[in-house]
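Participant: Note that our numbering gives residue 114 to position 114 of the sequence shown, counting from 1, and the numbers run on in steps of one.
C-beta atoms are modelled at their ideal positions from N, C-alpha and C, and glycine is treated no differently.
One structure is given below, represented as structure tokens, and several questions about it will come after.
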Amino acid sequence: MNSSGVEIEFLGTGTSTGVPVIRCQCEVCRSTDVRDKRFRSSVIVRTQGVNLLVDCGPDFRSQMLAVTNPEVDALLVTHIHYDHVGGLDDLRVFCGGGEHDMPVYARADVFEELKRHMDYCFVEHPYPGVPSFETHVIDDKAFSVFGVEVTPIPVMHGKLPIVGYRIGDVAYVTDAKTIPQESINKLRGVKLLVINALRHTQHHSHMTLEESLSVIKDINPQQAYLTHVCHEIGVHAQVEKQLPAGVKLAYDGLVVRI
Ligand SMILES: [Zn+2]
Ligand SMILES: [Zn+2]
Ligand SMILES: [Zn+2]
Numbered sequence: 001m002n003s004s005g006v007e008i009e010f011l012g013t014g015t016s017t018g019v020p021v022i023r024c025q026c027e028v029c030r031s032t033d034v035r036d037k038r039f040r041s042s043v044i045v046r047t048q049g050v051n052l053l054v055d056c057g058p059d060f061r062s063q064m065l066a067v068t069n070p071e072v073d074a075l076l077v078t079h080i081h082y083d084h085v086g087g088l089d090d091l092r093v094f095c096g097g098g099e100h101d102m103p104v105y106a107r108a109d110v111f112e113e114l115k116r117h118m119d120y121c122f123v124e125h126p127y128p129g130v131p132s133f134e135t136h137v138i139d140d141k142a143f144s145v146f147g148v149e150v151t152p153i154p155v156m157h158g159k160l161p162i163v164g165y166r167i168g169d170v171a172y173v174t175d176a177k178t179i180p181q182e183s184i185n186k187l188r189g190v191k192l193l194v195i196n197a198l199r200h201t202q203h204h205s206h207m208t209l210e211e212s213l214s215v216i217k218d219i220n221p222q223q224a225y226l227t228h229v230c231h232e233i234g235v236h237a238q239v240e241k242q243l244p245a246g247v248k249l250a251y252d253g254l255v256v257r258i
């Protein structure tokens, strides 16, 4: 990849339960198509030689054992829900027994909750082997990670304010139900938009497929990928046939370069 390009690798594209869902016998959960097997949602964005992990859910270890380039230079967190932060403890392998702090970027409310859930990672002298984090509290303003400009995209996850991220011409917006106009404006001009599309029927905190398609139409990127889908979306092979030109359903392991 040339250094000015952006590469995005989908580590997981499933909703909070993952797909298949434990004990479910539906067509999607019984599918033998590997694209119907979805870890909890997360991506790695690579640009200018920097590897940015977006979210670190409970499947992080399995996801990283499956990628060809398992490097992470910093973590960007979208929100505190367990399917997005449940794997943070596994970042310990990047911390060299306390020698190296993993830079983590998140809203203040996310850090407050993380400190409650994982207090042992934030104390002054943790026991050797626990992950250590360099915390960077973000707001709505763009920031730089090892020279890569990252723009937070505030969105509403039902009643919970969370963020997506724009990195160059790529934007990743997961767990959104609604996107304020100001954030729509920040998304204008992206070449690649990744956005959540939970299922076909209404949900209080996630966009339906129809709602996602209407945002995509408004932003009009060259290419859009749908993520954070649940088993009710349908089998991958069928859903992809029904999508408009320029819109695809993401799947675990997919790598897209622009
Ligand atoms: Zn989620
Ligand atoms: Zn199912
Ligand atoms: Zn969530």
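Determine the burial state of HIS236: buried for a count of at least 16 other Cβ atoms within 10 Å of its Cβ, exposed for fewer.
Facilitator: With 16 or more other Cβ atoms inside 10 Å of its own Cβ, HIS236 counts as buried.
Participant: Distance, Cα to Cα, ARG199 vs GLU124?
Facilitator: 44 Å
Participant: Which stretch, first to last residue, makes up the alpha helix (DSSP H) that contains GLN63?
Facilitator: Taken as a continuous stretch (DSSP letters only), the alpha helix (DSSP H) holding GLN63 covers 60-66.
Participant: Alpha carbon to alpha carbon, what distance is there between HIS203 and VAL215?
Facilitator: 16 Å
Participant: Thinking just about the alpha-carbon of each residue, which of ALA142, VAL229, ALA171, GLY5 is nearest to the one in VAL21?
Facilitator: VAL229
Participant: DSSP three-state label for TYR105, please.
Facilitator: strand
Participant: Following the continuous beta strand (DSSP E) through SER42, name the residue where it begins and the one where it ends.
Facilitator: 42-47
Participant: Would you list the residues whose beta-carbon is nearer than 5 Å to any heavy atom of ligand 5, in the order they occur in the chain?
Facilitator: As far as ligands go, the structure on display features ligand 1, ligand 2 and ligand 3 and does not contain ligand 5.
Participant: Measuring straight from C-alpha to C-alpha, what distance separates ALA250 and GLN63?
Facilitator: 15 Å
Participant: Under the rule that 16 or more other beta-carbon atoms within 10 Å means buried, what is SER4, buried or exposed?
Facilitator: exposed
Participant: Can you name, in chain order, every residue of its own chain whose Cβ lies under 7 Å from the Cβ of PRO152, other than the five neighbours on each side?
Facilitator: Hits under 7 Å: ILE138, ASP140, VAL163, TYR165.
Participant: Can you list, in chain order, the stretches of the beta strand (DSSP E) that have 3 or more residues and sit fully within the stretch 173-239?
Facilitator: 192-196, 223-227
Participant: Quick check: does the Cβ of SER41 come within less than 8 Å of any heavy atom belonging to ligand 1?
Facilitator: yes
Participant: Is PHE143 helix, strand or coil by DSSP?
Facilitator: strand
Participant: State the start and end residues of the unbroken alpha helix (DSSP H) segment that holds VAL130.
Facilitator: Run containing VAL130: none; DSSP gives neither H nor E here.
Participant: Heavy atom of ligand 2 less than 8 Å from the Cβ of HIS157, yes or no?
Facilitator: no
Participant: Check the C-beta distance from VAL50 over to ASP83 and give it rounded, since I have them as a contact under 8 Å.
Facilitator: 25 Å between Cβ atoms; not a contact.
Participant: Need the endpoints of the beta strand (DSSP E) that VAL150 sits in, please.
Facilitator: Where VAL150 is concerned, the enclosing beta strand (DSSP E) starts and stops at 148-157.
Participant: With a threshold of 8 Å (Cβ to nearest heavy atom), would LEU151 be considered close to ligand 1?
Facilitator: What sits at residue 151 in the sequence shown is Thr, not Leu. The answer is no for THR151.
Participant: Quick one, are the C-beta atoms of LEU187 and ALA171 less than 9 Å apart?
Facilitator: yes
Participant: Could you check what DSSP says for TYR120 in three-state terms: helix, strand or coil?
Facilitator: helix
Participant: Shorter than 8 Å, the distance from the beta carbon of THR32 to the closest heavy atom of ligand 1, or not?
Facilitator: no
Participant: CB-CB under 7 Å to HIS157, same chain, minus the five flanking residues each way: which ones, in chain order?
Facilitator: Result list for HIS157: HIS79, ASP175, ALA176, LYS177, SER205, in chain order.
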